[in-house]
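Chains A and B, in that order, are what the protein sequence lines are. Oh and the first sequence: position 107 is 106 in numbering that gives the first Met the number 0, straight run, nothing missing. Oh and the second sequence: position 19 is 18 in numbering that gives the first Met the number 0, straight run, nothing missing. Before any comments, here is the structure.
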Amino acid sequence: MTRFQAARGPLALALALGLLAHPGVAGTLWGALGQGRVVPVPAARLAALAGQHALVAGLGVLGAAVLGIGLGLVVTRPAGRPLRRLVETVGAGLQAIPPVVVVALAFPALGFGLAPTALALVAYAVLPILRATMDALDTVPQDLREAARAMGLTPLQRLREVDLPLAAPVVAGAVRTAAVLAVATAAVGALAGAATLGTPIVIGLQTQNTLSVLQGAAATASLAFLAEGGLVLALGAPARAARATA
Amino acid sequence: MIAFDGISVRFGGATALDGVTEEVAEGELCVLVGPSGSGKSTLLRLVNRLVEPTEGAVRVRGVDVRAVEAARLRRSIGYVIQSVGLFPHRTVARNVATVPRLLGWPEARIEARVREMLALVRLDPAEFASRRPRELSGGQAQRVGIARALAADPDILLMDEPFGAVDPIARRDLRAELRRIHAATGKTILLVTHDPGEAIELASRLVVLRDGRVVASGGPSEVLGGGGAFVRALLGGDAALRALSLVPARRLAEPDPAPDAPALAADATLQDALSLMIESRRTRVRLPAAESGAEASLSLARLVERRP
């Protein structure tokens, strides 16, 4: 399956959910279902929120990817091996804290807005990426490393030419999954005052405007599928880990 | 070419090698043989510094290996392992090009060399250059492994159980291939095996190891003749008989026509000759005239003494 074929499904879903979130479509549907007349969130407002939402989720994933891949590399090098247990434990601990709690705890330090939300997303997404990086590097076959060493590749060359290319599909898969989770989870940033697609959901719940909740939820899901499809296009189709045949 | 001088290697409490002194001359195909745990792989891996000696020194081309930067030393020595270790994310051509690339050869020279190497191991470059390792059979993969090891034209080739993972037919072909390549290139080859047949077939020099010590070394017939009980047990009681199949009968023949003796085929080996003597209950067999030469014959006495 090429990356284009693999991206088709998520992108089609993103389009369908995007249309559902559109005030015209959502409002008409709402009316047809006899839910009474409420004012939908205007398209321009929704688009602006989507932009903010993508920004905060993107920052969160980027931070988690840099941190997760970086730490994964460090603790799988001979010099960093003693740190491995500690890093794994802290990573697992971070993931165990619900994002809402991270947002709440970050208030005093980072105030309201994007920063605590992005931080929560980093904390939430770092473990899957870290773990995938460690696992992928661990499973590079020993004989390949041995062959590379025996042919005179330096440690850096071995990392660049053997370890990283072989680990890349698995790590890319983890980054993709983390991105989808981050887009979905970024909605809680609305509780911290970050203007995201969670905002129409929170406001809708407070004002009993279910249409607003529907629009916010559909737009969030649309963005998540867009992230999935976009990353499949950018990083390649879902991983079938490269394997040594000989 | 390669000298081990009073080598001991200890891993933690375990002794892998204990006081080994050996020399391998240029152009030799030296086979290290011994049971598992005898230290033969460790001895091989000392040469390109995959293992460092606890005591003693290894000299390659007259220079102590510790004086050479490990990566540079390794690029100058070919290395073939049982599991081949081809990079699965690279084409066959890129795999073969690994060391030339590290050495910074120009692209055109690398490309020419890759084609030359694939031809040397009898893989058609047009068909195989762009394949991935997973699209190769075990025997083909090991041929690529050998091509990769020879790509930068090293004068030394290290082979650690190179044919252990391929089927018997491919193994026979690869051995023949290795003998041909050795004869054609004159490389110094150090090969580890636990297969006595392989050892006797390939070796110009045989080193027998046991528990980290050399128990016998020298030419194959020398080792077979004077090796003692352990060597006999290791190489098999019939090792001398099997070794006969490696020598053409013509090599020991004398220009003494024996018209009524039974005739051998022109390309018969000493083993064929002995077999024919036993079958026909005669002590002399006849070799038909070669293209330029008279009839010759071979006597049992010459065969036993193996004196040309």
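Note that beta-carbon positions come from the ideal geometry of N, C-alpha and C, so glycine has one too.
Going residue by residue through the stretch 98-173 of chain A, where are the continuous beta strand (DSSP E) segments of at least 3 residues, counting only ones entirely within it? The stretch 98-173 of chain A contains no complete beta strand (DSSP E) run of 3 or more residues.
Bounding residues of the beta strand (DSSP E) (the contiguous stretch that carries B:Phe162): Careful: B:Phe162 lies outside any beta strand (DSSP E) and carries neither H nor E.
By a C-beta neighbour count over all protein chains shown, 10 Å radius and 16 as the cutoff for buried, is A:Leu204 buried or exposed? Its Cβ having fewer than 16 others within 10 Å, A:Leu204 is exposed.
What are the uninterrupted segments assigned as alpha helix (DSSP H) that are 4 or more residues long and contained completely in the stretch 208-252 of chain B, given in chain order? At a cut-off of 4 residues, the continuous stretches assigned as alpha helix (DSSP H) that sit fully inside the stretch 208-252 of chain B are 219-225, 227-234 and 238-242.
Let me know the secondary structure DSSP gives B:Ala2 once reduced to three states. In the three-state reduction of the DSSP assignment, B:Ala2 falls in the strand class, which pools E and B.
Please tell me whether B:Gly33 has its Cβ less than 9 Å away from any Cβ of chain A. It does not: the Cβ of B:Gly33 has no partner Cβ on chain A nearer than 9 Å.
When the cut-off is 9 Å and only beta carbons count, does A:Gly235 lie next to chain B? So, not an interface residue.
Identify every residue that forms a DSSP beta bridge with B:Gly77. In DSSP, B:Gly77 forms a bridge with B:Leu156.
Grab the span of the alpha helix (DSSP H) containing A:Val24 for me, first residue to last. It spans Pro22 to Ala31 - the alpha helix (DSSP H) in which A:Val24 sits, taken as one unbroken run.
If you reduce the DSSP assignment to three classes, tell me which class B:Arg130 lands in. DSSP places B:Arg130 in coil when its eight states are reduced to three.
Taking Cβ-Cβ distances shorter than 9 Å, what residues in chain B pair up with A:Asp162? Correct list: empty, because the minimum Cβ distance to chain B is about 11 Å.
Inter-residue spacing [alpha-carbon to alpha-carbon] between B:Gly55 and B:Glu68: Computed Cα separation, rounded: 18 Å.
Considering only the beta carbon of each residue, do A:His21 and A:Gly197 sit closer than 9 Å? No, Cβ-Cβ distance for A:His21 and A:Gly197 is not below 9 Å.
Could you pull the DSSP bridge partners for B:Val62 from this structure? B:Val59, per the DSSP bridge assignment.
Pop quiz: B:Val83 and B:Ala140 are said to be a contact at Cβ under 8 Å. What is the actual Cβ separation, rounded to whole angstroms? Between B:Val83 and B:Ala140 a beta carbon distance of about 5 Å is seen, short of the 8 Å cut, so the two are scored as contacting.
From B:Asp17 to B:Val8, what does the alpha carbon distance come to, in whole angstroms? For B:Asp17 and B:Val8, the distance between alpha carbons rounds to 7 Å.
Interface residues of the stretch 229-252 of chain B facing chain A [CB-CB below 8 Å]: For the stretch 229-252 of chain B, the set of residues with a beta-carbon nearer than 8 Å to any beta-carbon of chain A is empty.
Segment limits, alpha helix (DSSP H) that includes B:Ser279: In the DSSP assignment, B:Ser279 falls within the alpha helix (DSSP H) that extends over Leu269 to Ser279.
Is B:Arg178 near B:Val98, with beta carbons less than 9 Å apart? Going by C-beta atoms, B:Arg178 is not nearer than 9 Å to B:Val98.
Can you grab the Cα-Cα spacing for the pair A:Val139 / A:Leu12, in whole Å? The alpha-carbon atoms of A:Val139 and A:Leu12 are separated by roughly 35 Å.
Those residues which DSSP pairs with B:Ala262 across a bridge: By DSSP's assignment, B:Ala262 forms a beta bridge with B:Arg285.
A:Ile96 - containing alpha helix (DSSP H), residue span: Premise fails: A:Ile96 is in no alpha helix (DSSP H) and is neither H nor E.
Are the CB atoms of B:Leu275 and B:Ala265 within a distance shorter than 9 Å? Not a contact, by the Cβ cut-off of 9 Å.
Give the interface partners of A:Glu87 over in chain B, defined as CB-CB distance under 9 Å, in chain order. Under the 9 Å cutoff, chain B gives no residues; its nearest Cβ is about 27 Å from A:Glu87.
Give the DSSP-derived three-state secondary structure of B:Glu200 in the structure shown. In this structure, DSSP gives B:Glu200 a helical state, which the three-state scheme calls helix.
Taking B:Ile80 as the query, report the chain A residues whose CB atoms sit under 9 Å from its CB, ordered along the chain. Those within 9 Å of B:Ile80 in chain A are Asp142, Glu145, Ala146 and Ala149.
Assuming B:Gln81 contacts B:Ala164 (C-beta within less than 8 Å), just tell me the rounded distance between them. Rounded, the Cβ-Cβ distance is 5 Å, consistent with contact.
Does the distance from the CB of A:Ala40 to the CB of A:Ser211 come in under 9 Å? The sequence shown places Val at residue 40 of chain A, rather than the Ala named in the question. Contact: yes.
Nearest-angstrom beta carbon gap, B:Leu149 and B:Gly77 [assumed within contact, 8 Å]: The pair is a contact, with the Cβ atoms about 5 Å apart (cut-off 8 Å).
How long is the line joining the alpha carbons of A:Ala226 and B:Pro124, rounded to whole angstroms? Looking at the two C-alpha atoms, the distance is approximately 42 Å.
Taking C-alpha atoms, which residue in B:Asp152, B:Phe3 and B:Arg209 lies nearest to B:Val62? For B:Val62, the closest C-alpha among the options B:Asp152, B:Phe3 and B:Arg209 is that of B:Phe3.
To which residues does DSSP link B:Val19 through a beta bridge? Residue pairing for B:Val19: DSSP places it in a beta bridge opposite B:Ile6.
8 Å CB neighbourhood of A:Val60 in its chain, flanking five on each side removed: If we look at A:Val60 and ignore the five residues flanking it on each side, its Cβ neighbours are Leu120, Ala124, Val174, Ala177, Ala178 and Ala181.
How about A:Leu126: is its C-beta nearer than 9 Å to some C-beta of chain B? No, its Cβ sits nowhere closer than 9 Å to a Cβ of chain B.
Below 8 Å on the Cβ atoms is my contact criterion, and I expect A:Thr116 with A:Gly215 to pass it. Report the Cβ-Cβ distance as a whole number of Å. The pair is not a contact, with the Cβ atoms about 15 Å apart (cut-off 8 Å).
Using DSSP bridges, identify the partner residues of B:Ala295. B:Leu286.
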